[in-house]
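Residue numbers (the numbering used here): 452 to 755.
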């Protein structure tokens, strides 16, 4: 049975075209609108709607709900740590050593496979939709949307820099000045396809940092991303001569931690449909705490 979502046009949106209302107010993507049009899934006052028709106050717009038919990945039993979940989205605390999503030769054993299993166990068919990624060896907050509409909204927020992502990194040396912004473009490494490098030919990349504390020749930094380039924090810090502890690609491996000591500590954004701010924090892993303890670094999060 077809399910429709119903919206009554208010005075504020009077005069918009149906297409503009779908895009600007409901955050539907052009691709989804095309799909709805093909399925005759847009009704205005119970009649098939033309995208260029203007809406009036009091009009009722009904949109066909495009239900997911698969998870997009193979559900696979595995541990997940849920930081927040509702009908629209879910935020997980990703452990180090795990890919967010299948890629290349890896189709199993990722966070997305485990999340699909979680959906399956709760009787929901939701395509797994990560809004952003973390490197395999970076831990912390990862945001997923549960449906196309939420994904479109969160993708837009991310593009506009309205999803605040904060990281903690343990780096070699004492960074000077202790607060600052790294504004250096990042592009592909000329010889090593998996690596990135600071290069004038790269894409703009901006990282804000603040030193929380320093001890034993290392520093604990708080970093906020303004852009989201691949390996951005790792490349920026390594370029400045302060590689992250344990970063085998841009620094040196460490016996204290299997990956790099980089943790996506918190995430903050406006909820897509409930007009409230979601602010979440991911506790440190035991291996991250081991690094802090070994270097006698103190953070407000140490007791997590």
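Beta carbons: idealized from backbone N, C-alpha and C, even for Gly.
Quantities reported herein were computed from a predicted structural model and do not represent experimental measurements.
Could you pull the start and end residues of the beta strand (DSSP E) that residue i belongs to?
i	result
residue 638	637 to 639
residue 513	511 to 515
residue 545	540 to 545
residue 459	455 to 459
residue 728	728 to 732
residue 688	Segment 683 to 690 is the alpha helix (DSSP H) holding residue 688; no beta strand (DSSP E) there.
residue 675	669 to 676
residue 493	493 to 495
Judging by CA-CA distance, which residue of the options is the nearest neighbour of residue i?
i	options	result
residue 545	554, 555, 533	533
residue 506	528, 677, 472, 719	472
residue 479	527, 459, 543, 516	516
residue 492	658, 454, 589, 462	454
residue 542	529, 581, 627, 554	581
residue 689	495, 469, 658	658
residue 747	489, 670, 685	670
residue 593	529, 552, 461	552
residue 496	538, 566, 687, 509	509
residue 630	674, 537, 722	674
residue 737	467, 488, 520, 547	547
residue 549	647, 459, 530	530
residue 635	679, 613, 667	679
residue 536	642, 637, 570, 664	570
residue 488	476, 503, 475	503
residue 735	726, 619, 633, 676	619
residue 538	595, 740, 676, 665	595
residue 685	568, 740, 641, 587	587
residue 465	610, 520, 511	511
residue 574	609, 605, 520, 481	520
residue 494	555, 621, 460	460
residue 664	749, 677, 470	749
residue 745	661, 518, 666	666
residue 691	720, 727, 625	625
Using the beta-carbon count (16 or more within 10 Å), is residue i buried or exposed?
i	result
residue 717	buried
residue 597	buried
residue 456	exposed
residue 576	exposed
residue 644	exposed
residue 616	buried
residue 591	buried
residue 723	buried
residue 742	buried
residue 498	exposed
residue 705	buried
residue 500	buried
residue 474	buried
residue 557	exposed
residue 739	buried
residue 642	exposed
Assuming residue i is part of the alpha helix (DSSP H), what are its boundary residues?
i	result
residue 567	562 to 572
residue 745	737 to 745
residue 591	Run containing residue 591: none in the alpha helix (DSSP H); it sits in the beta strand (DSSP E), 590 to 596.
residue 707	Careful: residue 707 lies outside any alpha helix (DSSP H) and carries neither H nor E.
residue 435	Shown here, the chain extends from 452 to 755; a query on residue 435 therefore has no answer.
How about residue i: is its C-beta nearer than 8 Å to some C-beta of chain B?
i	result
residue 726	Within the model displayed, chain B is absent; a lone protein chain is all it includes.
Which residue spans inside the segment 609 to 666 form an unbroken beta strand (DSSP E) run of at least 3? 615 to 623, 630 to 634, 637 to 639, 647 to 649, 657 to 666
Contiguous beta strand (DSSP E) assignments of at least 3 residues, all confined to the segment 517 to 541: Restricting attention to beta strand (DSSP E) runs no shorter than 3 residues, the segment 517 to 541 encloses them at 533 to 536, ordered along the chain.
Taking 8 Å as the threshold, find out whether the segment 710 to 730 comes into contact with the segment 679 to 699 through three or more Cβ pairs. Verdict: yes, contact present.
Taking one C-beta from the segment 728 to 743 and one from the segment 651 to 663 each time, how about it: are there three or more such pairs within less than 8 Å? no
Sufficient close CB pairs (3 or more, under 8 Å) joining the segment 523 to 531 to the segment 555 to 566: yes
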